[in-house]
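Participant:
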Amino acid sequence: MLPLTEHRAARLEALQAEDGWLNLTDRVELNPGPQSVGQAPDNQIQLSTGPAHLGLIDPTTETLTPPNEAPILFLPTTSGFPQLRTETLLLELHTADGTPALRVRDLTLPRQAQLHYFPTHPSLIIRARWQTLPTPIQQSIDQKGGAPTTVSLTHTAHFTYQNHAITLLATHWKDGKPMFVIRDQTSGVETYPASRFLIGEDATDTEITLDFNRAFTPPCGFTDFAICPLPPRKNILPFRVEAGERLTP
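Pasting the structure below:
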């Protein structure tokens, strides 16, 4: 686990990257087969930025064919979503619940952000009990900006804080680590209203570290073009978590 200062520096660097969340201008669902895309109104997919006629995009072949040119292939990335860079845009074929969409990032836009944090609280670095469920459980999860989706629950984390016995559901996984979508009594006041995300660290077969000082705002806190899971009922905490990212200094 990275030291907290390095973790926060890496978080800001990723947020401000070309494929981060600060320059996302469009997310449009795609139909099968070629369809015209560009800023002009005569396109089948009209964008808010970029050239008037970008070309024909085909999610099936993962190609963009500019006017009077040969098709260009979207390339695989570490994020798992193919990308293609044009002169001013970064295009991404994003699939959510089996539905392909085009995400567009404007590379000419500024990508500066300032993140704010609560003071660090060592008491909110919790070594929790990490329990594997006997059989995976399928659970429906609501999403901000998207339709409900079904996730497979395989683990739960258990701990006690302020005399509350808490069970957190690991609804998602990021880079092989469990991710918890949480809400607490600071949500909508000092922190982003919908949720915050928390990545579990240093997991063994029986224990996991939950460092709430590393709780962070989801992508929906930075753009309207993201889809973010909302917390299941068990992950809505009955106390204030004055740690991690907050909305203002």
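Residue numbers for the sequence shown follow this note's numbering, beginning at 8 and rising by one. Backbone N, C-alpha and C define an ideal beta-carbon position, used for all residues, glycine too.
Does DSSP classify S130 as helix, strand or coil?
Facilitator: Three-state DSSP puts S130 in a helix.
Participant: One question on the structure: do I132 and N220 come within less than 8 Å of each other, judged by their Cβ atoms?
Facilitator: Taking 8 Å as the Cβ cut-off, I132 and N220 qualify as a contacting pair.
Participant: Looking at the strands, I want to know which residues DSSP matches up with M186.
Facilitator: Bridge partners of M186: H179, I206.
Participant: Under 8 Å by Cβ, that's how I've got I234 and A103 pegged, so tell me the actual separation to the nearest angstrom.
Facilitator: 6 Å between Cβ atoms; contact.
Participant: Do the region 242 to 255 and the region 201 to 221 touch if we need at least three Cβ pairs shorter than 8 Å?
Facilitator: Yes, the region 242 to 255 is in contact with the region 201 to 221.
Participant: According to DSSP, which residues form a beta bridge with K241?
Facilitator: Bridge partners of K241: none, in fact.
Participant: What's the C-alpha gap between M8 and L122?
Facilitator: Those two C-alpha atoms are separated by around 20 Å.
Participant: List in chain order: all unbroken beta strand (DSSP E) runs of 3+ residues lying wholly within the region 24 to 51.
Facilitator: 31 to 36, 42 to 45, all fully within the region 24 to 51.
Participant: Opposite P107 in the DSSP bridges: which residues?
Facilitator: Paired residue(s): T102.
Participant: Check this for me: beta carbons of L71 and L96, under 8 Å apart or not?
Facilitator: Not closer than 8 Å, so no.
Participant: If you compare alpha carbons, which of L19, L114, H179, H14 is closest to T56?
Facilitator: The shortest C-alpha separation from T56 is found at L114.
Participant: E76 lies in the beta strand (DSSP E); which residues open and close that run?
Facilitator: First-last for E76: undefined, no H or E at that position.
Participant: Expressed to the nearest angstrom, what Euclidean distance is found between the alpha-carbon atoms of L254 and P74?
Facilitator: The straight-line gap from Cα to Cα measures roughly 44 Å.
Participant: Where does P141 land, buried or exposed, given buried means 16+ other C-beta within 10 angstroms?
Facilitator: P141 comes out exposed.
Participant: DSSP on E252, reduced to helix/strand/coil?
Facilitator: Strand.
Participant: The ligand PLP and T84: does the residue's C-beta get closer than 7 Å to at least one heavy atom of that ligand?
Facilitator: This structure simply doesn't include the ligand PLP, nor any ligand for that matter.
Participant: With 16 other CB atoms within 10 Å as the buried threshold, where does V111 fall?
Facilitator: By the neighbour-count rule (16 or more Cβ atoms within 10 Å), V111 is buried.
Participant: To the nearest angstrom, how far is it from the Cα of V196 to the Cα of L91?
Facilitator: Computed Cα separation, rounded: 39 Å.
Participant: Less than 7 Å between C-beta atoms, sequence neighbours within five positions excluded: which residues of the same chain meet that for P257?
Facilitator: The structure shown does not extend to residue 257, since the chain spans only 8 to 256, so no value can be given for it.
Participant: State yes or no: is the C-beta of T224 within less than 8 Å of the C-beta of E252?
Facilitator: Against a cut-off of 8 Å, the Cβ pair of E252 and T224 comes out as a contact.
Participant: When you compare each of P58, E13, I64 to S43 by their alpha carbons, which one comes out closest?
Facilitator: Here the closest residue by C-alpha is I64.
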